[in-house]
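>
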Amino acid sequence: MNNHTLLVLPPEVIREILLRLPVKSLLRFKSVCKSWLSLISDPQFGISHYDLAATPTHRILLRSNDFYAQSIDTKAPFIDHEEGTLCLLRAVHLLLPPPSPPRIPDFFHFDDFRNQPHILGSCRGFVLLYYERGDDLILWNPSIGVHKQLPHFQYDSITREFLYGFGYDPSKDDYLITSIPFSCPFSAENEIHVFSFKTASWNNVPVNIPYSDPGNCLAVRAGSLFNETLHWLVLSKEKKVPIILAFDLVQRSFSEISLLDHLTMEKRRVCGLRVMGGCLSLCYSVEGSAVTEIWMMKEYKVQSSWTKFIIIPTCDFYPICITKDSGIFGSDMRSLEKYNDKGELLEHRTWCTRRVVLLCQSTVCKV
1 MNNHTLLVLP PEVIREILLR LPVKSLLRFK SVCKSWLSLI SDPQFGISHY DLAATPTHRI
61 LLRSNDFYAQ SIDTKAPFID HEEGTLCLLR AVHLLLPPPS PPRIPDFFHF DDFRNQPHIL
121 GSCRGFVLLY YERGDDLILW NPSIGVHKQL PHFQYDSITR EFLYGFGYDP SKDDYLITSI
181 PFSCPFSAEN EIHVFSFKTA SWNNVPVNIP YSDPGNCLAV RAGSLFNETL HWLVLSKEKK
241 VPIILAFDLV QRSFSEISLL DHLTMEKRRV CGLRVMGGCL SLCYSVEGSA VTEIWMMKEY
301 KVQSSWTKFI IIPTCDFYPI CITKDSGIFG SDMRSLEKYN DKGELLEHRT WCTRRVVLLC
361 QSTVCKV
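Here is the structure:
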């Protein structure tokens with residue numbers, strides 16, 4: 001009779017193995033035993049799992065209606081060549097978190113548009129949602145389906161525009177949400193609201209911000225996160241030219257990033273700011289031509305490093321990410337599109353996209 005020996009791995013080896021598994025597998029393995037449940041549920045394990053992720057998932061999240069969002073693999077083709085049908089392959093349908101009940105019931109308000117969810121941004125697998133009617137900010141982890149409503153902050157005027165941002169401070173292991181209200185008419189005397197997840201509270205910091213809205217006039221404008229810093233497009237108050245306003249989440253300080261002088265001329269309109277290919281990227285539409293130019297800052301905060309990356313033959317294109325073969329995946333607000341590195345259209349799918357965020361990786365961390 002053969003003796004069978006059960007191999008028992010040391011806890012540290014089990015931890016190293018689990019750290020290298022995808023989120024879906026970890027969710028299943030929570031039910032293996034109590035020790036695995038405790039390990040996978042540990043916040044520090046979630047942080048280590050995210051940091052050790054070998055390759056980004058490169059999925060985008062977009063709202064399909066008031067109740068659902070879709071997570072889409074940017075590498076998947078729009079056309080199923082076997083079936084010959086037009087579809088989004090490997091799309092995952094996700095139920096959006098609901099807003100809170102109105103603090104003051106409004107039985108005569110029939111405009112549901114203001115209560116539609118706005119996707120403000122993503123950071124380390126989390127997604128920040130905003131419901132305008134109730135001023136609800138909700139943090140959502142779509143990978144494990146949990147969410148948390150954040151405390152409201154107070155402001156004194158409904159005529160204000162806001163710059164929002166969502167990021168992570170690695171020095172304090174703290175997620176932060178920033179909100180910068182712009183008074184109408186513009187006033188340099190302002191304050192920035194900063195929400196800390198560690199303290200679960202808002203702090204108001206007086207600042208002097210000599211900038212104004214660049215002209216898009218969106219009620220909610222989300223910052224682009226890069227190098228632990230949030231970035232927004234604004235207009236300098238004195239010269240009235242577009243610049244990038246940067247807020248360092250670690251130092252809690254503001255700075256400016258200049259564009260090339262010829263990119264601030266009146267015939268060019270700055271359409272958007274993104275982070276692509278490890279660089280800050282800008283979209284421009286050029287007056288008198290139906291094209292969008294995409295420029296990338298190859299060296300962070302070095303003005304002379306702005307380099308033209310690609311020209312897209314449409315004036316309303318908004319890039320989302322760079323594809324594996326150096327092409328572009330993006331949207332013109334009416335459809336999703338893929339272009340090659342020469343600016344030639346490869347694939348097109350009609351799709352209304354008001355706000356799209358890139359989910360580079362998923363996380364098992366709870367909110």
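Position one of the sequence shown corresponds to residue 1 (the UniProt record's numbering), numbered consecutively onward. Positions of the beta carbon are idealized from the N, C-alpha and C atoms, including for glycine.
Count Cβ pairs between the segment 244-254 and the segment 141-153 that sit closer than 8 Å; are there 3 or more?
The answer is no - the segment 141-153 does not touch the segment 244-254, with fewer than three Cβ pairs under 8 Å.
> Along the chain, where does the beta strand (DSSP E) containing residue 351 start, and where does it finish?
Here residue 351 belongs to no beta strand (DSSP E), and DSSP marks it neither H nor E.
> Output the distance between the C-alpha atoms of residue 314 and residue 260, rounded to the nearest integer angstrom.
Roughly 22 Å between the two C-alpha positions.
> Following the continuous beta strand (DSSP E) through residue 339, name the residue where it begins and the one where it ends.
Unbroken beta strand (DSSP E) run through residue 339: 335-339.
> Could you tell me which residues DSSP puts in a beta bridge with residue 254?
According to DSSP, residue 254 bridges with 247.
> State the DSSP-derived secondary structure class of residue 308, mapped to helix, strand or coil.
Strand.
> Go to residue 11, then tell me how far its alpha helix (DSSP H) extends in each direction, as first and last residue.
Residue 11 -> alpha helix (DSSP H) spans 11-19.
> Which one or two residues does DSSP pair with residue 282 in a beta bridge?
Its beta-bridge partners are 273, 295.
> What's the gap between the Cα of residue 271 and the Cα of residue 349?
Near 22 Å, if we compare the C-alpha coordinates of residue 349 and residue 271.
> Quick check on residue 8: does DSSP put it in helix, strand or coil?
Residue 8: coil per DSSP, three-state reduction.
> Would the segment 316-328 count as touching the segment 283-292 if we require 3 or more Cβ pairs under 8 Å?
The segment 316-328 is in contact with the segment 283-292.
> For residue 43, count neighbouring C-beta atoms within 10 Å of its own C-beta (all shown protein chains included) and say buried if the count is 16 or more, exposed if not.
Residue 43 is exposed by the Cβ-count criterion.
> Run through DSSP, which three-state label would residue 124 get?
Here residue 124 sits in coil by DSSP.
> With which residues is residue 59 paired in a DSSP beta bridge?
In DSSP, residue 59 forms a bridge with 73, 359.
> Quick one, which of 285, 11, 124, 279 has its alpha-carbon nearest residue 33's?
Comparing Cα positions, the closest option is 11.
> Look up residue 287 in the DSSP assignment and give the residues it is bridged to.
Per DSSP, none; premise fails for residue 287.
> Between the alpha carbons of residue 347 and residue 341, how many angstroms are there, rounded?
Rounded to the nearest angstrom, the two C-alpha atoms are 13 Å apart.
> Quick check: is the beta carbon of residue 138 nearer than 8 Å to any beta carbon in chain D?
Reference to chain D is not applicable here, since this structure consists of a single protein chain.
> With DSSP as the reference, label residue 116 as helix, strand or coil.
DSSP places residue 116 in coil when its eight states are reduced to three.
> Taking just the CA atoms, how far does residue 165 sit from residue 332?
About 23 Å.
> Spatial neighbours of residue 45 within its chain, please: C-beta separation below 7 Å, excluding the five flanking residues on both sides.
39.
> Using DSSP bridges, identify the partner residues of residue 321.
Residue 321 pairs with 329.
> For residue 150, which three-state DSSP category applies?
Three-state DSSP puts residue 150 in coil, outside helix and strand.
> Measure the C-alpha to C-alpha separation of residue 228 and residue 124 and round it to an integer number of angstroms.
Spanning the two alpha carbons is a distance of roughly 12 Å.
> Take the Cβ of residue 337 as the centre, count every other Cβ of all protein chains shown within 10 Å, and call the residue buried at 16 or more, exposed below.
The residue in question, residue 337, is buried, as its Cβ has 16 or more Cβ neighbours within 10 Å.
> To the nearest angstrom, report how far apart residue 17 and residue 226 are at their CA atoms.
Their Cα atoms are separated by approximately 30 Å.
> Return the bridge partner residues of residue 178 from the DSSP annotation.
Its beta-bridge partners are 165, 194.
> CA-CA distance, residue 75 and residue 329?
Spanning the two alpha carbons is a distance of roughly 9 Å.
> Closest to residue 203 by CA distance: which of 209, 222, 177, 287 is it?
Closest by alpha carbon: 177.
> Just to confirm the assignment, what range does the alpha helix (DSSP H) spanning residue 51 have?
Counting along the chain, the alpha helix (DSSP H) containing residue 51 begins and ends at 43-52.
> Taking residue 30 as the reference, give the member of 359, 70, 144, 122 with the closest Cα.
Closest by alpha carbon: 144.
> Suppose you measure from the CA of residue 181 to the CA of residue 246; what does that come to, to the nearest Å?
If I take the Cα positions, the gap works out to 15 Å.
> Tell me, please, which residues DSSP counts as bridged to residue 141.
In DSSP, residue 141 forms a bridge with 146.
> Could you check the C-alpha separation between residue 109 and residue 72 for me, to the nearest Å?
Low per-residue confidence applies at residue 109: pLDDT is 48, beneath 50, and the placement is therefore not dependable, though the value from the model is reported in the following sentence. Rounded to the nearest angstrom, the two C-alpha atoms are 34 Å apart.
> Can you say whether residue 8 is buried or exposed, counting buried as having 16 or more other CB atoms within 10 angstroms of its CB?
Per the 10 Å Cβ criterion, exposed.
> Checking 8 Å against the spacing of the C-beta atoms, do residue 233 and residue 241 come in under that value?
Cβ distance not < 8 Å, so residue 233 and residue 241 don't count as in contact.
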